[in-house]
Amino acid sequence: MAILPIKPFEKLPQFNFMAWRPFWIWSSIVMVLMVIGLLWVQGLNYGIDFVGGKLIEVKLDRPLEVHQVREAVEKLGFEGGTFQEFGGPSEFLIRLPGNDPKVAAATTEANIAESLKTLAGGAETRRVEFVGPQVGQELRGKGLQAVVLSILAILVYLWFRFELRFGVGAILSLSHDVILTIGVMVLLRTEITLTVLAAILTLIGYSLNETIVIFDRVRENRSKYPKMPLKELINMSVNQTLGRTIMTGGSVLIVLWALFLYGGEAIHDFSRVMIIGVALGTYSSIFVSSSTLLALEEWYRKKQAAA
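Numbering (our numbering), first residue to last: 39 to 345.
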């Protein structure tokens with residue numbers, strides 16, 4: 039009977055990751071610059087949580103096309119809304135921007151349901167959420183503040199736990215993961231909501247954990263082999279933790295794909311952002327963080343030698 043392998047490698051791998059260090063670093067820099075350019079041109083697709091507005095979930099008696107729902111709502115004078123199927127061809131999410139005074143009216147959802155009723159034979163309003171523009175702007179500011187403060191707290195922790203250059207290397211790797219994840223979200227036109235923000239903060243913690251495992255092994259090996267060249271030492275450390283990194287990332291991705299496929303619309307965006315982020319975090323912990331640490335260590339040693 040075949041037995042599933044417990045380890046990805048039967049013996050310690052000997053991949054020479056550091057030989058491609060310039061490629062990993064420069065490719066990451068290019069991708070980050072491309073995402074910044076994309077954000078400059080296209081911008082983020084903020085959801086109601088951050089820009090304000092009203093979300094209405096309706097269940098129709100018979101399926102309609104998205105454009106039919108849009109036309110029916112726009113005939114009532116509501117412009118700039120977004121419309122999508124939610125769980126089936128007869129269920130829709132209607133998002134109306136909060137800068138329109140008519141959106142805040144208590145009769146908005148009733149008027150929309152009545153308009154759709156004439157098309158579908160019946161319409162039931164299942165959920166209504168309203169966020170004022172000022173509240174949305176405040177949430178957006180606090181969300182950005184939460185991300186920045188979490189990264190600064192991580193830097194301080196790693197400064198005391200390891201050394202400052204280890205912390206800088208980890209923060210650069212984390213920033214790489216977050217920026218590229220946001221870039222993929224922009225391409226997919228994923229709405230930035232509180233759920234997506236929670237996924238980004240979760241991703242920061244996961245990516246940091248993967249990076250710390252490698253950095254901790256580098257520190258251990260540096261005390262064991264003080265005369266080993268730095269490039270070989272970091273390369274050995276990455277190879278020693280490679281199996282653990284692959285096993286951890288693979289098992290997390292299996293769970294996230296299950297959530298994405300069967301978890302329902304409520305956590306669809308969360309699981310999608312996490313899938314993208316975990317894949318990028320696994321890549322960066324192996325290639326980007328170790329290469330960045332080597333570059334920082336070499337710069338620090340040259341600075342010490344010059345002093």
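We treat Cβ as the ideally placed atom computed from N, Cα and C, and that holds for glycine.
Treat the numbers as computed from the prediction; the structure is a model and nothing was measured.
Beta-carbon within less than 7 Å of residue i's beta-carbon, same chain only, minus the 5 sequence neighbours each way: which residues are those?
| i | result |
| --- | --- |
| residue 320 | 248, 283 and 287 |
| residue 230 | 82, 83, 84, 85 and 88 |
| residue 327 | 207, 208, 211, 249 and 252 |
| residue 295 | 313 |
| residue 301 | 309 |
| residue 169 | 86, 87, 90, 91 and 136 |
When you compare only the Cα positions, how much space is there between residue i and residue j?
| i | j | result |
| --- | --- | --- |
| residue 72 | residue 98 | 42 Å |
| residue 111 | residue 128 | 16 Å |
| residue 55 | residue 78 | 33 Å |
| residue 52 | residue 103 | 56 Å |
| residue 76 | residue 225 | 9 Å |
| residue 274 | residue 57 | 12 Å |
| residue 342 | residue 179 | 41 Å |
| residue 181 | residue 261 | 41 Å |
| residue 66 | residue 323 | 12 Å |
| residue 155 | residue 187 | 48 Å |
| residue 50 | residue 278 | 7 Å |
| residue 213 | residue 333 | 17 Å |
| residue 165 | residue 285 | 41 Å |
| residue 345 | residue 266 | 23 Å |
| residue 264 | residue 80 | 50 Å |
| residue 148 | residue 116 | 13 Å |
| residue 199 | residue 258 | 13 Å |
| residue 270 | residue 232 | 43 Å |
What whole-angstrom Cβ distance do residue i and residue j have, given they're in contact under 8 Å?
| i | j | result |
| --- | --- | --- |
| residue 330 | residue 63 | 7 Å |
| residue 167 | residue 131 | No, residue 167 and residue 131 are not in contact; Cβ-Cβ is about 10 Å, not under 8 Å. |
| residue 217 | residue 70 | 5 Å |
Short check: CB of residue i to CB of residue j, under 7 Å?
| i | j | result |
| --- | --- | --- |
| residue 196 | residue 204 | yes |
| residue 268 | residue 335 | yes |
| residue 316 | residue 290 | yes |
| residue 237 | residue 308 | yes |
| residue 60 | residue 91 | no |
| residue 234 | residue 311 | yes |
| residue 153 | residue 190 | no |
| residue 318 | residue 254 | no |
| residue 256 | residue 242 | no |
| residue 222 | residue 314 | yes |
| residue 239 | residue 192 | no |
| residue 93 | residue 133 | yes |
| residue 107 | residue 124 | no |
| residue 299 | residue 305 | no |
Near residue i, what residues of its chain come up, given a Cβ to Cβ distance below 6 Å and the 5 sequence neighbours on each side ignored?
| i | result |
| --- | --- |
| residue 160 | 99 |
| residue 158 | 98, 99, 100 and 102 |
| residue 163 | 96, 147 and 151 |
In chain order, what residues of the same chain lie with their CB nearer than 8 Å to the CB of residue i, ignoring the 5 residues before and after it?
| i | result |
| --- | --- |
| residue 119 | 108, 111, 112, 132, 133, 134 and 135 |
| residue 219 | 238, 241, 311, 314, 315 and 318 |
| residue 227 | 83 |
| residue 74 | 217 |
*If you scan the stretch 204-262 from start to end, which runs of the alpha helix (DSSP H) of 4 or more residues do you find wholly inside it?*
232-262
*Where are the alpha helix (DSSP H) runs, 4 residues long or more, that stay fully inside the stretch 260-332, in chain order?*
268-300 and 306-321
*In the stretch 94-132, which residue ranges form an unbroken alpha helix (DSSP H) of at least 4 residues, counting only runs that do not cross its ends?*
104-112
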